[in-house]
Ligand code: 13P
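In the numbering used here, the protein residues as written are 6 to 341.
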């Protein structure tokens, strides 16, 4: 069994990043209904099997985040998904939060739940083969929000989750997501992201979390969806400026979420950050939608199209792998 530091480093190995495939049953229902497929356990399993059995993708994908249902499932040949991933050298991980719920007394804000019984659940997930965990806190930008209290409540919970994960040998992926929703400008995203990350590292220190045994999964610094689209160079400059002096250098890696960016946009933005030169942390990806959207569409729920879906997933994984070293180009994108 590897140590926390080794697992964290392996996840952000050069050229590699994470596939976030930990959509809850409710989110999977939305994703499948977008392609006209009814969400049931068999279809969710069939779709995940396509992703996990994409040949050669292990050159680009170091880890996969699973959901409670998925970590217990097997491929059609009977091999547990955890074994399928391990045999390809891909590290299995697990989402351990139970979702963002309305924060009492704070209209429009949420707090992420899941701490009750977490120690016992972590022990079970580690037994099932998980080596890392994920917990997503959600911060919304709006009129007078986020409140300082929302940031405090969410970062306190993130730190409790991180400490409990490490106790069981799971590397915590600490995910404070400042949402893209809204018409705020890039400066507002910068300010809220900086406030949030400052609180994250204060809370992790108070909870005595070992930073080299963690990874950060943040949003990029972007204008709100209703504002405008910023060019990759602007996103890269603002994001690195925000993280410098806020995210300690002992953190081995930052694995960005895609958060509703387009597939190529998420790749181009990560590429621009890595093209700026070396940083104290590895800058990688932990994308859900930006890695899966073309594959989901190509599959369309038809088993006969599984190979089309695999090709689409392989391509997005390869493009993001190139972005890990700033060597992604539009030519590589079109060469598919
Ligand atoms: P997206 O990349 O689709 O934002 O999903 C990543 C994730 O795991 C959110 O928690």
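Yeah, the Cβ is synthetic: ideal placement off N, Cα and C, and Gly gets one too.
At a cut-off of 8 Å, the beta-carbon of residue 14 does not count as near the ligand 13P: no heavy atom of the ligand is closer than that. Collapsing the DSSP output to three states places residue 197 in a helix. When rounded, the separation of the alpha-carbon atoms in residue 133 and residue 87 is 8 Å. Pairwise C-beta distances place the segment 199-212 in contact with the segment 160-167, as three or more of them are shorter than 8 Å. Between the C-alpha atoms of residue 287 and residue 257 there is a straight-line separation of about 6 Å. In this structure, DSSP gives residue 104 a state outside helix and strand, which the three-state scheme calls coil.
At least one heavy atom of the ligand 13P lies closer than 8 Å to the C-beta of residue 25.
Residue 222: not part of any alpha helix (DSSP H); DSSP gives it neither H nor E.
Counted as a single uninterrupted DSSP element, the alpha helix (DSSP H) harbouring residue 304 occupies residues 294-304.
Judged by pairs of C-beta atoms under 8 Å, the segment 60-74 touches the segment 19-37, as three or more such pairs exist. In this structure, residue 303 has its beta carbon at no less than 8 Å from each heavy atom of the ligand 13P.
Considering only 112, 174, 178, the residue with the shortest C-alpha distance to residue 148 is 112. Taken atom to atom, the span from the alpha-carbon of residue 295 to that of residue 196 is near 25 Å. The C-beta of residue 268 has 16 or more other C-beta atoms within 10 Å across all chains shown, which makes the residue buried.
Relative to the non-hydrogen atoms of the ligand 13P, the Cβ of residue 70 comes within a distance shorter than 8 Å of at least one.
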